[in-house]
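*Asks:* What follows is a single structure, and I will ask about it in a moment.
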Amino acid sequence: MFKKLLIANRGEISRRIGVVARSMGVSTVAVYSDADAELPFVREADEAVRIGPAPAKDSYLSIPAILEAAKKTGAEAIHPGYGFLSENAEFASACQAAGIVFVGPPPEAMLRMKDKSQARKLVAAAGVPVVPGTEGVVPDVATALTEAEGIGYPVLCKAAGGGGGIGMAAAKDPAELEKVFRQCTDRAKAAFGREGVYLERYFPAPRHIEVQILGDHHGHLIHGLERECSIQRRHQKVVEEAPSPLFAGGKHPEVAQKLFSAAVAAARAFGYANAGTVEFLYSEGNVYFIEMNARLQVEHPVTELTTGLDLIGWQLRIASGEWLTVRQEDVTRKGAALEFRIYAEDPVKFFPSPGPLKVFVPPTGEGVRLDSGYAEGNTVTPNYDPMIAKLIVSGATRAQAIERSIGALEQFRIEGIKTNIPLHLRILRSEAFRAGALDTRFLEHHAKP
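Reminder that position 101 of the sequence shown reads as 101 in UniProt numbering, one-by-one numbering, no gaps.
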């Protein structure tokens with residue numbers, strides 16, 4: 001195991017990685033921008049290095065600045081967290097060239113996943129079911145219109161080099177496809193530096209289910225069961241849980257087995273190692289591969305709390321060359337867990353709500369865990385993602401986890417900014433959520449103010 005780890009991220013995930021690393025005897029180096037100098041993750045690290053001004057491109061996305069910080073402090077490894085450089089193969093390669101361990105998959109695996117259309121072809125060849133769509137990037141509108149006729153409307157236009165719902169839009173007919181094709185192309189170029197888009201069949205109301213993967217550098221690969229991530233707004237997840245209500249209590253075992261087998265097959269096709277997640281759509285009894293995320297997921301705590309897997313701990317051990325000693329038969333589930341992303345935003349209009357945290361009193365109680373990037377007195381700036389904390393609540397049953405979640409959210413006191421806590425409470429109190437009737441358009445039909 002390496003002795004010093006640099007965490008190339010910020011906020012709650014930097015803080016969480018630091019806690020796990022220090023518990024394993026690994027000293028930590030935080031890197032921070034001018035906007036984050038007073039946040040807890042900086043104060044709690046063993047060392048902290050300023051890497052630039054507030055804009056992410058000048059700080060958290062600056063490969064030279066991060067590598068210089070690692071060199072300056074003698075860090076032997078870098079954990080990228082999620083977002084920023086976490087899925088950047090160039091960064092992983094640069095770490096490798098500098099003799100620094102990158103806590104994540106091999107750069108070659110990341111490159112195979114980078115182009116989503118090519119990734120589809122690779123996993124399809126491995127027998128993994130994929131959403132019907134184009135074989136590769138669509139060069140122009142005319143080709144898109146021809147391909148869409150074969151796929152069948154509605155279709156989804158997606159940026160080949162992107163993620164997070166950016167550069168993605170649905171079209172119900174040819175006229176709308178012409179419009180969204182140009183929109184997605186422009187957004188892909190602005191966000192990812194390349195215009196390529198591809199088409200997939202659009203399922204109006206599927207479930208979004210993902211499978212946790214863990215693999216070492218010695219060929220041992222397992223799955224860590226599934227998470228339900230169907231409650232989304234603009235393709236961004238809002239609430240996640242484990243297990244999925246679709247499979248809880250042993251329901252639909254054949255579909256579950258198909259899901260897990262497909263996830264492991266996809267990871268093997270990419271040559272994957274370390275922690276990762278394979279995402280699927282579920283519709284009418286079928287599962288379809290969407291993409292693989294070459295990093296830790298925001299929602300990983302619900303897996304940790306229900307399986308007992310220490311995902312960050314295993315990331316560090318695997319990156320240091322250790323064998324993954326967990327066998328597939330060792331991975332079992334106990335209870336249920338829900339995660340709520342607490343955003344600094346208006347809960348009705350969904351506008352960002354930056355400002356000072358005049359009061360920040362987290363909830364406590366049985367089964368309550370808070371991963372927070374801020375403390376009372378800190379200021380939430382508009383420079384980064386508006387998530388200020390993740391509230392994770394577990395229980396012996398889903399019903400108990402829901403009741404504990406309501407109590408925890410009602411107890412959570414935040415003043416000085418608006419948050420989406422009222423939205424979470426509306427979701428939890430809806431009959432559809434309690435019944436486990438979830439899909440990606442849940443918020444359009446339920447939990448309205």
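Cβ atoms here follow ideal geometry from the backbone N, Cα and C, with glycine treated the same way.
1. Give the list of continuous alpha helix (DSSP H) stretches no shorter than 4 residues that lie fully inside the region 372-432.
2. At what residues does the alpha helix (DSSP H) containing PHE41 begin and finish?
3. Taking the C-alpha atoms as reference points, what is the distance between ALA75 and GLU254?
4. When the distance is taken between beta carbons, is LEU296 closer than 8 Å to TYR82?
5. Quick check on PRO449: buried or exposed, where buried means 16 or more other Cβ atoms within 10 Å of its Cβ?
6. Does the region 414-423 come within contact of the region 330-337, defined as at least 3 CB pairs closer than 8 Å?
7. If you compare alpha carbons, which of SER59, ALA70, LEU85 is closest to ALA37?
8. Enumerate, from N- to C-terminal direction, the unbroken alpha helix (DSSP H) stretches of 4 or more residues contained entirely within the region 269-316.
9. With the cut-off set at 8 Å, would you say ALA248 and ARG227 are in Cβ contact?
10. Within its chain, find whatever has a CB closer than 7 Å to the CB of GLY395; leave out the 5 residues flanking it on each side and keep chain order.
11. Starting from the Cα of VAL326, find the closest Cα among ASP34, GLU90, ILE222 and give me that residue.
12. Return the first residue and the last residue of the alpha helix (DSSP H) that GLY74 is part of.
13. Which same chain residues, not among the five before or five after PHE41, have their C-beta less than 6 Å away from its C-beta?
14. What residue from THR146, TYR288, LYS189 has the CA that sits closest to GLU210's CA?
15. Once the 5 residues before and after GLY224 are set aside, which same chain residues still bring their CB inside 8 Å of it?
16. Find out if the Cβ-Cβ distance for the pair PRO107, GLN96 is shorter than 8 Å.
17. Taking 8 Å as the cut-off, decide whether the C-beta atoms of GLY276 and PRO105 are in contact.
18. Determine, for GLY355, whether the minimum Cβ-Cβ distance to residues of chain D falls below 8 Å.
19. Quick one: what's LEU199 bridged to in DSSP?
20. If GLY165 sits next to ARG234, beta carbons under 8 Å apart, how far is it from one beta carbon to the other, in whole angstroms?
21. Evaluate the contact criterion for the region 416-426 versus the region 340-358: three or more CB pairs, one atom per stretch, below 8 Å.
22. Taking the C-alpha atoms as reference points, what is the distance between SER430 and TYR282?
23. At 4 residues or longer, and completely inside the region 83-148: list those alpha helix (DSSP H) runs for me, N to C.
24. Among the candidates GLU149, ILE63, ALA126, LEU122, whose CA atom is the shortest distance from the CA of GLY136?
25. My parser needs the alpha helix (DSSP H) runs of 4 or more residues fully inside the region 162-231; what are they?
26. Which runs of the beta strand (DSSP E), 3 residues or longer, sit entirely within the region 311-347?
27. With C-beta atoms as the reference, is MET24 less than 8 Å away from LEU316?
28. Using DSSP with H/G/I as helix, E/B as strand and the rest coil, what is GLY25?
29. Report the CB separation of ASN420 from PRO347 in whole angstroms; it is logged as a contact under 8 Å.
30. Looking at the structure shown, is ALA8 part of a helix, part of a strand, or coil, going by DSSP?
31. Should HIS79 and LEU177 be called a contact, given that it needs their Cβ atoms to be closer than 8 Å?
32. Apart from the five residues just before and just after HIS252, which ones in its own chain have a Cβ nearer than 7 Å to its Cβ?
33. Can you name, in chain order, every residue of its own chain whose Cβ lies under 6 Å from the Cβ of ASP371, other than the five neighbours on each side?
34. Hey, out of ARG369, TYR343, VAL239, whose CA is closest to MET387's CA?
35. Please say whether ARG187 and GLY161 have beta carbons closer to each other than 8 Å?
36. Is the CB-CB distance between PRO132 and ARG207 below 8 Å?
*Replies:* Answer, in terms of the structure:
1. 398-411, 421-429
2. By one-based count along the sequence shown, residue 41 stands at place 41. First-last of the alpha helix (DSSP H) with PHE41: 40-44.
3. On the sequence shown, position 75 is the one that residue 75 refers to. On the sequence shown, position 254 is the one that residue 254 refers to. Their backbone Cα atoms lie some 46 Å apart in a straight line.
4. Counting from one through the sequence shown, the residue named residue 82 turns up at place 82. Counting from one through the sequence shown, the residue named residue 296 turns up at place 296. Result yes, Cβ atoms of TYR82 and LEU296 sit closer than 8 Å.
5. Position 449 of the sequence shown holds residue 449. Flag for PRO449 reads exposed.
6. no
7. In the sequence shown, the residue the question calls residue 37 occupies position 37. If we check each option's Cα against that of ALA37, SER59 comes out closest.
8. 300-307
9. As a position in the sequence shown, residue 248 is number 248, starting the count at 1. As a position in the sequence shown, residue 227 is number 227, starting the count at 1. No, the Cβ-Cβ distance between ALA248 and ARG227 is not below 8 Å.
10. Start at 1 with the first residue of the sequence shown, and residue 395 comes out as number 395. For GLY395, where only same-chain residues beyond five positions count, the Cβ hits under 7 Å are GLY335, ALA336, GLY367, ALA401, ARG404.
11. Taking the first residue of the sequence shown as 1, we reach residue 326 at position 326. Cα-wise, what sits closest to VAL326 is ILE222.
12. By 1-based counting over the sequence shown, the position of residue 74 is 74. GLY74 -> no alpha helix (DSSP H), and no H or E assigned at all.
13. The count along the sequence shown starts at 1 and reaches residue 41 at position 41. Around PHE41: SER14, ARG15, ALA30.
14. Along the sequence shown, read from residue 1 onward, the residue named residue 210 stands at position 210. Comparing Cα positions, the closest option is TYR288.
15. Translated into positions along the sequence shown, residue 224 becomes position 224. Excluding sequence neighbours, GLY224 sits near VAL211, GLN212, ILE213, LEU214, THR303, THR307, LEU309, LEU311, VAL331.
16. For the purposes of this step, residue 107 is taken as the residue at position 107 of the sequence shown. For the purposes of this step, residue 96 is taken as the residue at position 96 of the sequence shown. In this structure, GLN96 lies closer than 8 Å to PRO107 by Cβ.
17. As a first step, residue 276 must be located in the sequence shown, where it is residue number 276. As a first step, residue 105 must be located in the sequence shown, where it is residue number 105. It is a contact, given that the beta carbons lie within the stated cut-off.
18. Looking for chain D here will not work: only one protein chain is present.
19. The sequence position of residue 199 within the sequence shown is 199, counting from 1. According to DSSP, LEU199 bridges with CYS157.
20. By 1-based counting over the sequence shown, the position of residue 165 is 165. By 1-based counting over the sequence shown, the position of residue 234 is 234. About 6 Å; that satisfies the 8 Å criterion.
21. yes
22. Along the sequence shown, read from residue 1 onward, the residue named residue 430 stands at position 430. Along the sequence shown, read from residue 1 onward, the residue named residue 282 stands at position 282. When rounded, the distance between both Cα atoms is 22 Å.
23. 89-97, 107-114, 116-125
24. For the purposes of this step, residue 136 is taken as residue 136 along the sequence shown, with counting starting at 1. Nearest of GLU149, ILE63, ALA126, LEU122 to GLY136, Cα basis: LEU122.
25. 174-192
26. 336-343
27. Residue 24 sits at position 24 when you count from the first residue of the sequence shown. Residue 316 sits at position 316 when you count from the first residue of the sequence shown. Cβ atoms of MET24 and LEU316: closer than 8 Å.
28. Translated into positions along the sequence shown, residue 25 becomes position 25. DSSP places GLY25 in coil when its eight states are reduced to three.
29. Reading the sequence shown from its first residue, position 420 is the one you call residue 420. Reading the sequence shown from its first residue, position 347 is the one you call residue 347. Rounded, the Cβ-Cβ distance is 5 Å, consistent with contact.
30. For the purposes of this step, residue 8 is taken as residue 8 along the sequence shown, with counting starting at 1. In the structure shown, ALA8 sits in coil (DSSP, three-state: anything other than H, G, I, E or B).
31. As a first step, residue 79 must be located in the sequence shown, where it is residue number 79. As a first step, residue 177 must be located in the sequence shown, where it is residue number 177. No, these two residues do not count as a Cβ contact at 8 Å.
32. The residue given as residue 252 occupies position 252 in the sequence shown. Excluding sequence neighbours, HIS252 sits near LEU246.
33. Within the sequence shown, numbered from 1, the residue matching residue 371 stands at position 371. Correct list, in chain order: GLU12, ARG16, LYS390.
34. Counting from one through the sequence shown, the residue named residue 387 turns up at place 387. Closest option to MET387, Cα to Cα, is TYR343.
35. Within the sequence shown, numbered from 1, the residue matching residue 161 stands at position 161. Within the sequence shown, numbered from 1, the residue matching residue 187 stands at position 187. Contact: no.
36. On the sequence shown, position 132 is the one that residue 132 refers to. On the sequence shown, position 207 is the one that residue 207 refers to. Contact flag unset, no.
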